[in-house]
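Residue numbering for the sequence shown follows numbering that gives the first Met the number 0, beginning at 0 and increasing consecutively. Ideal placement from N, C-alpha and C gives every residue a C-beta, glycine not left out. The structure displayed is predicted, hence computed values, not measured ones. Below: one structure, written as structure tokens.
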Amino acid sequence: MINCMIVEDEQHSIDLLERYIERTPGLSLLAYDKNPLNAFADISTKQLEPDVVFLDINMPGLTGLDLAKQIISFTKVVFTSAHSKYGVKAFDIGAFDFLEKPFTYERFLQTIRRLNEPIVKHHQESAINDFFFIKGNKKGIVERVDLDNILYIESSHNYAVLYLSDGSKQTIYMSLAEIEGALPKDKFLRIQRSYIVNLKKIQKIEGNMIYLQSLKEPINCGSLYKESLLEVIKKQLLG
């Protein structure tokens, strides 16, 4: 879980970020503050320990740039500003990202994906061998995911959801294309724009419908991916 804090003096900007955070799995809003001096006190004394602070630049009493210099050693800072001219200064300070207002949910998710990049082991032929690690739902927890336990993977905006054999699921902040490139191609296959399946979990194929172990409803194989599926089946077909 990524604990977020908003430091912003405009209510409509706070409301927007609250909606984005609430909408995104794996995020939690720790607090928001319209007063940068109060935010500095809470963070510097560790009364609040956010993983990331979404920080406006033009605020009364203390600018976001000045506040960032004081808290950058405690947390990651993502600036939110309507003035792109501050971008260079923001990154000079060490900002994690700069979101130029108005920014879309998709742009927000790009930042979150980078914040929550999974820990993976890279190998010469495949980025992932038998398992990988991802950040858990609680701060400081890293969870192992065994490839054999994955039934299928579904894309959702700029992140993906892993559906596991035990009925649980995990959110991973990578695009489906990035995941496809990391997974071993002899074990996983993309069957449509939004789905990757574990080949070992395929129970039956009827036309374009793929039935996976323990799933009642089939997944449709897209026409663009059908040929690749048939090639895999031919290699394993007897009789």
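Between the CA atoms of residue j and residue i - distance to the nearest angstrom
{"i": "I178", "j": "D32", "result": "37 Å"}
{"i": "G221", "j": "I209", "result": "11 Å"}
{"i": "I133", "j": "I218", "result": "25 Å"}
{"i": "M0", "j": "S72", "result": "20 Å"}
{"i": "T44", "j": "L28", "result": "19 Å"}
{"i": "N34", "j": "I13", "result": "13 Å"}
{"i": "L188", "j": "N37", "result": "51 Å"}
{"i": "L237", "j": "I204", "result": "15 Å"}
{"i": "D91", "j": "L64", "result": "10 Å"}
{"i": "L171", "j": "L163", "result": "Note on residue identity: the sequence assigns Ile, not Leu, to residue 171. Between I171 and L163, the C-alpha separation is close to 13 Å."}
{"i": "E48", "j": "I140", "result": "16 Å"}
{"i": "L16", "j": "I195", "result": "31 Å"}
{"i": "K184", "j": "N197", "result": "10 Å"}
Residue interval of the beta strand (DSSP E) (run including residue i)
{"i": "K75", "result": "75–80"}
{"i": "E99", "result": "96–99"}
{"i": "S27", "result": "26–32"}
{"i": "K134", "result": "130–134"}
{"i": "Q69", "result": "Q69 -> not in any beta strand (DSSP E); alpha helix (DSSP H) instead, spanning 63–70."}
{"i": "E171", "result": "Looking at the sequence provided, one finds Ile at residue 171 rather than Glu. Segment 168–171, the beta strand (DSSP E) holding I171."}
Beta-bridge pairing of residue i - partner residues as DSSP gives them
{"i": "I204", "result": "I209"}
{"i": "Y85", "result": "Answer is none; Y85 lacks a bridge partner."}
{"i": "Y158", "result": "S155"}
{"i": "E142", "result": "I133"}
{"i": "C3", "result": "L28, V51"}
{"i": "Y194", "result": "E153, Q191"}
{"i": "I56", "result": "For I56, which the question treats as bridged, DSSP gives no partner whatsoever."}
{"i": "I92", "result": "BP columns for I92 are empty, so no partner."}
Nearest-angstrom beta carbon gap, residue j and residue i [assumed within contact, 8 Å]
{"i": "L228", "j": "I190", "result": "6 Å"}
{"i": "R192", "j": "Y158", "result": "So it is not a contact: roughly 15 Å between Cβ atoms."}
{"i": "N115", "j": "G180", "result": "Not quite, the Cβ-Cβ distance comes to about 18 Å (not below 8 Å), so this is no contact."}
{"i": "K225", "j": "L211", "result": "Their Cβ separation, rounded to whole angstroms, is 17 Å, which puts K225 and L211 out of contact at 8 Å."}
{"i": "L108", "j": "T23", "result": "7 Å"}
Range of the contiguous alpha helix (DSSP H) that encloses residue i
{"i": "K254", "result": "Residue 254 is absent from the structure shown; the chain starts at 0 and stops at 238."}
{"i": "I296", "result": "What is shown of the chain runs 0 to 238, which leaves residue 296 out entirely."}
{"i": "E17", "result": "10–22"}
{"i": "Q191", "result": "That residue, Q191, is in no alpha helix (DSSP H); its beta strand (DSSP E) goes 187–191."}
{"i": "Q109", "result": "104–114"}
{"i": "N37", "result": "35–43"}
Min CB distance residue i to chain C below 8 Å
{"i": "L182", "result": "Within the model displayed, chain C is absent; a lone protein chain is all it includes."}
Problem set entry | Three-pair Cβ contact test at 8 Å for the region 94–110 versus the region 61–80 | Contact holds: three or more Cβ-Cβ distances are below 8 Å.
Exercise. Does the count of Cβ pairs from the region 60–69 and the region 135–150 closer than 8 Å reach three?
Worked result: Contact between the region 60–69 and the region 135–150 is absent: fewer than three C-beta pairs spanning the two stretches fall below 8 Å.
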